[in-house]
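Numbering (my numbering), first residue to last: 1306 to 1579. Everything below concerns the one structure shown next.
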Amino acid sequence: MLAHDDHIAVAVSGGKDSLTLLTLLVKMEQRFPRSKITAVSVDEGIDGYRDEALQIAAETCRRLGVDQHVVSYKELFGVTTDDIVQQELGKTPCSYCGVLRRKAINRAAAEIGATKIATAHNLDDEVQTILLNMLHGDPMRIIRSGPILQDRRGRFITRIKPLCDIPEKEIVLYAYLAGLKFQTVACPHGNEALRNDIRSFLNYMEQKHAGIKFTLEKTAERLREQLSATIPPSELHDCKNCGDPTTHRLCEACVMLESINPRPSIDPLTAAFI
Ligand code: SF4
Ligand code: ZN
């Protein structure tokens, strides 16, 4: 996942997973003098929730001697997650928030000149997403995903998930044993019904059939090995709105932003395409 001279942008929210990841990478990095770590934090604008997390993230960065780069939805996109929740848009808040966060982290990583983006997805996150994609009828997303997301065209910074083989329970245990301070309050908008049902199902199955989460992850890995080379890379264009690479005329985030906050800059043809 990592080269000895990488500049790693670690996505740090202030939760147990991201602070565990940051702590472990900082320990590893000490053996590689040409590598560098910068924490990247995103302020989605969630009142009564994100402020505390950002404060914990900042304290941890200070303690570990890591620079922190913070970007906010308000500055980047002109809206906050709280603003989005106010509008009845037909999708869950996480659908919007997740797409905007990916874009915000990409922007932040590009600003600091990072060569890798490390996110703290754990085994539970990964297997939940595999089942979610199956239940949404989107198997290709399983093939395109994985522990290392490298763009063969070189337009996106490589994303890595160093904790993707670690069960969530073990990360909690590590965080407690290492004495990490982390946010324990859940996001007030984070109520994805289908993901919650999948989480309960997988935990129930794991309790009855130990190892089932690993098996599911390995199954997806084998499918990727067999099928990823057969998928030709799709053609990339510059998003007409923001210039970021996309397979359509507008990137996913810009399409979402237009639906949240329609702007007159969009021409009728683009609107029809959306
Ligand atoms: Fe955004 Fe959903 Fe995460 Fe809350 S739980 S920060 S709404 S993605
Ligand atoms: Zn765009």
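Beta carbons are placed, not taken as given, at the ideal position from N, Cα and C, and that holds for glycine.
Euclidean distance between Cα positions of K1513 and D1310: 44 Å
So with Cβ pairs under 8 Å, would you call Y1401 a contact of chain D? Judged by its chain identifiers, the structure shown contains no chain D, having just a single protein chain.
Can you find at least 3 beta carbon pairs, one from the segment 1398 to 1412 and one from the segment 1343 to 1355, that sit closer than 8 Å? yes
Since A1316 and S1323 should fall inside the 8 Å C-beta cutoff, what is the C-beta to C-beta distance between them, to a whole number of angstroms? 6 Å
When every heavy atom of the ligand ZN is checked, does at least one fall within less than 7 Å of the C-beta of L1555? yes
Three-way DSSP call (helix, strand, coil) for V1560 in this model: helix
Return the chain-ordered list of same chain residues with a C-beta closer than 8 Å to the C-beta of N1427, the five sequence neighbours on each side being excluded. D1322, L1468, C1469, I1471, P1472, E1473, I1476
With burial defined as no fewer than 16 other Cβ atoms inside 10 Å of the residue's Cβ, what is the status of A1577: buried or exposed? Residue placement at A1577 is poorly supported in this model, since its pLDDT is 49, which falls under 50; the coordinates are not used for a value here.
Cβ-based burial, D1549 [other Cβ within 10 Å; buried from 16]: buried
Can you look up V1315 in the DSSP assignment and give me helix, strand or coil? strand
State yes or no: is the C-beta of N1546 nearer than 7 Å to some heavy atom of the ligand ZN? yes
Kindly examine the ligand SF4 and report whether one of its heavy atoms sits closer than 7 Å to the Cβ of T1386. yes
Could you check how far apart the C-beta atoms of L1478 and R1464 are, in whole angstroms? I think they sit under 8 Å. Contact doesn't hold; Cβ gap of about 26 Å is too wide.
Three-way DSSP call (helix, strand, coil) for V1477 in this model: helix
Residue closest to V1345, alpha-carbon to alpha-carbon, out of R1460, K1379, L1528, I1422: I1422
CB of V1376 within 8 Å of CB of I1342, strictly: no
Helix, strand or coil for P1550? Go by DSSP, reduced to three states. strand
R1580 and P1538: beta carbons closer than 8 Å? Outside the displayed span of the chain (1306 to 1579) sits residue 1580, for which this structure offers no information.
Validate contact between the segment 1423 to 1442 and the segment 1488 to 1503 using beta carbons, cut 8 Å, 3 pairs: yes
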